[in-house]
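Inspection log for the structure reproduced underneath, given as structure tokens.
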Amino acid sequence: SSQYGDARGALIVLEGLDRSGKTSQSGRLVKYLDGLGYPVESWRFPDRETAVGKMISSYLTNQSQLDDHTIHLLFSANRWEKRSLMEAKLKSGTSLIVDRYSYSGVAFSSAKGLDIEWCKAPEVGLLAPDLVVYLDIPPERAAERGGYGGERYEQLEFQKNVSQYYKMLSDASWKTVDASQPMEDVEKQLKEIVLDCVVSCQKGKPVSELCI
Ligand code: TMP
């Protein structure tokens with residue numbers, strides 16, 4: 102435990118296109134923080150383990166069809182069903198490295214043509230990340246990386262469209278890391294940014310609600 106008795110954990114979100122390296126990097130970050138003695142967990146959305154998550158998974162693997170609005174609300178519901186646990190973890194001092202969050206929700210559904218404000222609405226009231234890191238990669242580069250796995254959204258033209266919406270959603274608080282660099286370089290930059298955030302949250306930066 103730290104010198105700050107009731108120190109809270111940091112909510113750190115990694116965003117980016119499919120195959121931008123989020124999953125590998127979040128694993129490395131968790132190891133790093135854990136090695137430094139910070140309580141930390143790796144989370145991801147969609148969380149495919151819950152009942153809602155199973156519906157999402159079946160949709161993504163093309164085993165079921167859903168109206169665009171319906172799947173959008175399921176992705177959001179999947180975050181809402183984890184909200185109270187998320188808050189409890191943060192308050193108890195555990196930092197969370199979260200692979201995708203509301204920004205994925207809005208960017209992917211808007212890229213299909215849904216109204217962006219409609220897409221944002223169900224996200225309001227979720228917890229605000231303390232840090233959003235965007236792993237920035239040209240869609241063409243991402244597509245070359247070992248190929249897409251064949252899930253519903255893993256198509257170049259669609260990913261190009263998603264990247265435009267991520268740009269629209271980003272603000273000055275986001276940290277952008279060039280994800281086309283070698284993995285070790287990305288890792289090094291991420292560690293520095295993330296540690297800074299964990300330390301500032303320990304010093305008492307309050308938990309707040311999402312503004313998107
Ligand atoms: P994953 O590959 O990170 O598990 O994400 C599965 C896909 O779901 C990915 O193409 C991004 C998409 N997605 C949404 O469309 N809306 C969301 O809210 C989230 C979290 C992911």
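Just so we're aligned, residue 102 is where the sequence shown starts under full-length UniProt numbering, counting upward by one.
Just so you know, even glycine gets a beta-carbon here, dropped at the ideal spot from N, CA and C.
What is the DSSP secondary structure of residue i, reduced to helix, strand or coil?
{"i": "S102", "result": "Residue placement at S102 is poorly supported in this model, since its pLDDT is 45, which falls under 50; the coordinates still yield a value, given next. S102: coil per DSSP, three-state reduction."}
{"i": "D279", "result": "strand"}
{"i": "Y235", "result": "strand"}
{"i": "S121", "result": "coil"}
{"i": "V299", "result": "helix"}
{"i": "M284", "result": "helix"}
{"i": "E293", "result": "helix"}
{"i": "R253", "result": "coil"}
{"i": "R109", "result": "coil"}
{"i": "A178", "result": "helix"}
{"i": "G305", "result": "coil"}
{"i": "G128", "result": "helix"}
{"i": "I172", "result": "helix"}
{"i": "G206", "result": "helix"}
Quick check on the DSSP output: the beta strand (DSSP E) that includes residue i runs from which residue to which?
{"i": "Y160", "result": "Looking at the DSSP string, Y160 is not in any beta strand (DSSP E); the run it does join, the alpha helix (DSSP H), is A152 to L161."}
Have a look at the DSSP bridge pairing and note the partners of residue i.
{"i": "R145", "result": "D200"}
{"i": "V114", "result": "V199 and V233"}
{"i": "L228", "result": "E310"}
Quick check: residue i and residue j, are their CB atoms within less than 8 Å of each other?
{"i": "A178", "j": "V207", "result": "no"}
{"i": "D237", "j": "V278", "result": "yes"}
{"i": "Y235", "j": "Y202", "result": "no"}
{"i": "D119", "j": "A280", "result": "no"}
{"i": "Y204", "j": "V233", "result": "yes"}
{"i": "D200", "j": "K123", "result": "yes"}
{"i": "E310", "j": "A229", "result": "yes"}
{"i": "T195", "j": "G110", "result": "yes"}
{"i": "T151", "j": "E188", "result": "no"}
{"i": "T162", "j": "E255", "result": "no"}
{"i": "Q126", "j": "E288", "result": "yes"}
{"i": "S264", "j": "I198", "result": "no"}
{"i": "S121", "j": "H173", "result": "no"}
Check for me: the alpha helix (DSSP H) holding residue i runs from which residue to which?
{"i": "L137", "result": "Looking at the DSSP string, L137 is not in any alpha helix (DSSP H), and its letter there is neither H nor E."}
{"i": "Q164", "result": "Where Q164 is concerned, there is no enclosing alpha helix (DSSP H), given that its DSSP letter is neither H nor E."}
{"i": "E258", "result": "L257 to L270"}
{"i": "K192", "result": "R184 to K192"}
{"i": "K213", "result": "From DSSP, K213 is part of no alpha helix (DSSP H); its letter is neither H nor E."}
{"i": "K221", "result": "I217 to K221"}
{"i": "A244", "result": "P240 to E245"}
State yes or no: is the beta carbon of residue i nearer than 8 Å to at least one beta carbon in chain B?
{"i": "E288", "result": "You won't find chain B in this structure, because it holds only one protein chain."}
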